[in-house]
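*Asks:* Sequences listed follow chains A and B, in order.
With positions in the first sequence counted from 1, the corresponding number in this note's numbering is that position plus 73.
With positions in the second sequence counted from 1, the corresponding number in this note's numbering is that position plus 9.
Sharing a structure with you now.
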Amino acid sequence: MIVGEQKPIAEIKAMVAPYNKVLILGCGTCVKTCFAGGEDEAAVLTSALRLAFKKDGKNIEIETQTIERQCEDGFIKESAAAVSRNEAVLSLACGAGVQDMARRFPVTPVLPGVNTTFIGVLEKQGLFTEECLGCGHCELAVFGGVCPVTRCSKKLLNGPCGGSRDGKCEISPDTDCAWQLIIARLTALGQMDNLRTYIPPKDWRTSHAGGPRKLVREDHII
Amino acid sequence: MNTPFKPKITLFHCINALSDKDALNEMGSDTLELKVVKLPCSAMVKDIFLLRAFETGADGVAVMVCPEGTCRYVEGNIRAQKRVAWVKKLLDEIGVGGDRLALHNIPHGDIAEAVRIINQTVEQLIESGPNPAF
Ligand code: SF4
Ligand code: SF4
Numbered sequence: 074m075i076v077g078e079q080k081p082i083a084e085i086k087a088m089v090a091p092y093n094k095v096l097i098l099g100c101g102t103c104v105k106t107c108f109a110g111g112e113d114e115a116a117v118l119t120s121a122l123r124l125a126f127k128k129d130g131k132n133i134e135i136e137t138q139t140i141e142r143q144c145e146d147g148f149i150k151e152s153a154a155a156v157s158r159n160e161a162v163l164s165l166a167c168g169a170g171v172q173d174m175a176r177r178f179p180v181t182p183v184l185p186g187v188n189t190t191f192i193g194v195l196e197k198q199g200l201f202t203e204e205c206l207g208c209g210h211c212e213l214a215v216f217g218g219v220c221p222v223t224r225c226s227k228k229l230l231n232g233p234c235g236g237s238r239d240g241k242c243e244i245s246p247d248t249d250c251a252w253q254l255i256i257a258r259l260t261a262l263g264q265m266d267n268l269r270t271y272i273p274p275k276d277w278r279t280s281h282a283g284g285p286r287k288l289v290r291e292d293h294i295i
Numbered sequence: 010m011n012t013p014f015k016p017k018i019t020l021f022h023c024i025n026a027l028s029d030k031d032a033l034n035e036m037g038s039d040t041l042e043l044k045v046v047k048l049p050c051s052a053m054v055k056d057i058f059l060l061r062a063f064e065t066g067a068d069g070v071a072v073m074v075c076p077e078g079t080c081r082y083v084e085g086n087i088r089a090q091k092r093v094a095w096v097k098k099l100l101d102e103i104g105v106g107g108d109r110l111a112l113h114n115i116p117h118g119d120i121a122e123a124v125r126i127i128n129q130t131v132e133q134l135i136e137s138g139p140n141p142a143f
């Protein structure tokens, strides 16, 4: 899932301040799971902003809605009526959702209420960790299902550096050494031989270095 | 002559912490306006409920939960404590003031302690003044 964090209230308040009617639009998928922009967070933000503006003596009308996803036109349509009633939209979706909203509503400002941070997992209650950089050429099979491109601080592809200590990376005692995890996992799978194959430097053209990416599925295009 | 400030307080409490709320409902209507919201477990104190209390005019909000380690549902009071801490931070950020919200662990059914806490909250609110959003 996409992991994000709600922006500080002061930043959000400054963004919406020029408008008299604002729609706070939550997104019910990834950002809901990471407590950044689902229905609950949209309600809390609405209440907090109403109080904040009221305290300043400014009367802003704030409407709230949450749709299932802001990165899919079918769901975005459900917000059209609310968007048309407001001067601006504060989107609590990830950056993709904000941009899809902006594309669908060309004359309405769509403002980001969330800092989109990474592709990750809910490792345990309240802890989200980054797992994938979206490099465009997945080699997890070689590494036993642990990604060194994302989780090794130096993105090393052919074994650990000398900074691995007691399972932790030298950048911080709170960060697992990805290579320790890879070796433990390959040992458990009986696949340590995987590491005898030299992995050439990564070709970053399949990643963001190749410019904005597109996925075309001809079989789904009529 | 100015009418003295009569604080509006919303009290959220877990039914396991306080069951006899009649005594609270009768509390000094000359000195405060008290709204009591009872919940089946303090874990149900959601952020939005606390904020809505302020949005609808409360000057202060008190949350009364069982003492640590005695929650009937094991961790309800710990969850309530964390939510209250989160909302206090939010109230500070928006300038309403986190000190208007407080969580209190009270011994089961200790109505005298609940009354003492409400009276203390009234004193604190008289010092801080009304909810700045009103
Ligand atoms: S190898 Fe690439 S696609 Fe696979 S998990 Fe790592 S970053 Fe993601
Ligand atoms: S200590 Fe481990 S995770 Fe950190 S840079 Fe070295 S090999 Fe990578």
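Ideal Cβ positions, reconstructed from N, Cα and C, are used throughout, including at glycine.
In angstroms with no decimal places, state the Cα-to-Cα distance between L98(A) and F108(A).
*Replies:* 14 Å
*Asks:* Do you know how far the Cα of A121(A) is from the Cα of I244(A)?
*Replies:* Approximately 37 Å, taken between the alpha carbons.
*Asks:* Between which residues of its own chain and P76(B) is the CB-CB distance below 6 Å, once the five residues before and five after are set aside?
*Replies:* N114
*Asks:* Using C-beta distances below 6 Å, list every residue in its chain close to S51(B), excluding the 5 sequence neighbours before and after it, in chain order.
*Replies:* C23, V74, G85, N86, A89
*Asks:* Would you kindly work out how many angstroms separate the C-alpha atoms of Q79(A) and L118(A), rounded to a whole number?
*Replies:* 9 Å
*Asks:* Going along the chain, which residues of the region 103–137 of chain B sit with their C-beta nearer than 7 Å to a C-beta in chain A?
*Replies:* Listed in sequence order: I103, G104, V105.
*Asks:* Can you tell me which residues form a DSSP beta bridge with P185(A)?
*Replies:* S164(A)
*Asks:* Classify Q143(A) as buried or exposed, calling it buried when 16 or more other Cβ atoms lie within 10 Å of its own Cβ.
*Replies:* Buried, since its Cβ has 16 or more Cβ neighbours within 10 Å.
*Asks:* Kindly list, in the order they appear in chain A, the residues whose Cβ is closer than 7 Å to that of A89(B).
*Replies:* Neighbours of A89(B) on chain A: none; closest Cβ ~16 Å, over 7 Å.
*Asks:* Taking the CB atoms as reference points, tell me whether I120(B) and A116(A) lie closer together than 7 Å.
*Replies:* no
*Asks:* Compare the C-beta of V104(A) against all C-beta atoms of chain B and say whether one is closer than 7 Å.
*Replies:* no
*Asks:* Between the region 186–211 of chain A and chain B, which residues of the former have CB atoms less than 9 Å from a CB of the latter, in chain order?
*Replies:* none
*Asks:* Can you look up R290(A) in the DSSP assignment and give me helix, strand or coil?
*Replies:* R290(A) falls in the coil class under three-state DSSP.
*Asks:* In the DSSP output, which residue or residues are listed as bridge partners for G193(A)?
*Replies:* Partner(s): E203(A).
*Asks:* Can you list, in chain order, the residues of the region 40–62 of chain B whose Cβ is nearer than 7 Å to any Cβ on chain A?
*Replies:* For the region 40–62 of chain B, which is checked against every Cβ of chain A, the residues closer than 7 Å are D56, I57, L60, R61.
*Asks:* For N159(A), which residues of its own chain have a beta-carbon under 7 Å away from its beta-carbon, when the five flanking residues on both sides are left out?
*Replies:* K94, V95, L96, E136
*Asks:* From A154(A) to G170(A), what does the alpha carbon distance come to, in whole angstroms?
*Replies:* 18 Å
*Asks:* Can you tell which of Y92(A), I75(A), R123(A) has the C-alpha that lies nearest to the C-alpha of I82(A)?
*Replies:* When each option's Cα is compared against that of I82(A), the closest is R123(A).
*Asks:* Residues in the same chain with beta-carbon distance under 7 Å from I135(B), minus the five sequence neighbours each way, listed in chain order, please.
*Replies:* Cβ-Cβ distances below 7 Å link I135(B) to F14, P16 in the same chain, with the five nearest sequence neighbours on each side left out; the list follows chain order.
*Asks:* When DSSP labels each residue in this structure, what does E134(A) get in the three-state scheme?
*Replies:* In this structure, E134(A) counts as strand in the three-state DSSP scheme.
*Asks:* Do A111(B) and L27(B) come within 7 Å of each other at the CB atom, strictly closer than that value?
*Replies:* No; because the gap between Cβ atoms is not below 7 Å, this pair is not in contact.
*Asks:* Quick one: is C80(B) buried, meaning 16 or more other Cβ sit within 10 Å of its Cβ, or exposed?
*Replies:* buried
*Asks:* Decide if S152(A) is buried, meaning its Cβ has at least 16 other Cβ atoms within 10 Å, or exposed.
*Replies:* buried
*Asks:* Residue range of the alpha helix (DSSP H) that I120(B) falls in?
*Replies:* Counting along the chain, the alpha helix (DSSP H) containing I120(B) begins and ends at 120–137.
*Asks:* Hey, out of K127(A), N132(A), K105(A), R176(A), whose CA is closest to E141(A)'s CA?
*Replies:* Residue nearest to E141(A) within the set K127(A), N132(A), K105(A), R176(A) is K105(A) (criterion: CA-CA distance).
*Asks:* Just the chain A side, please: which residues come within less than 7 Å of P141(B) by C-beta, in chain order?
*Replies:* K128
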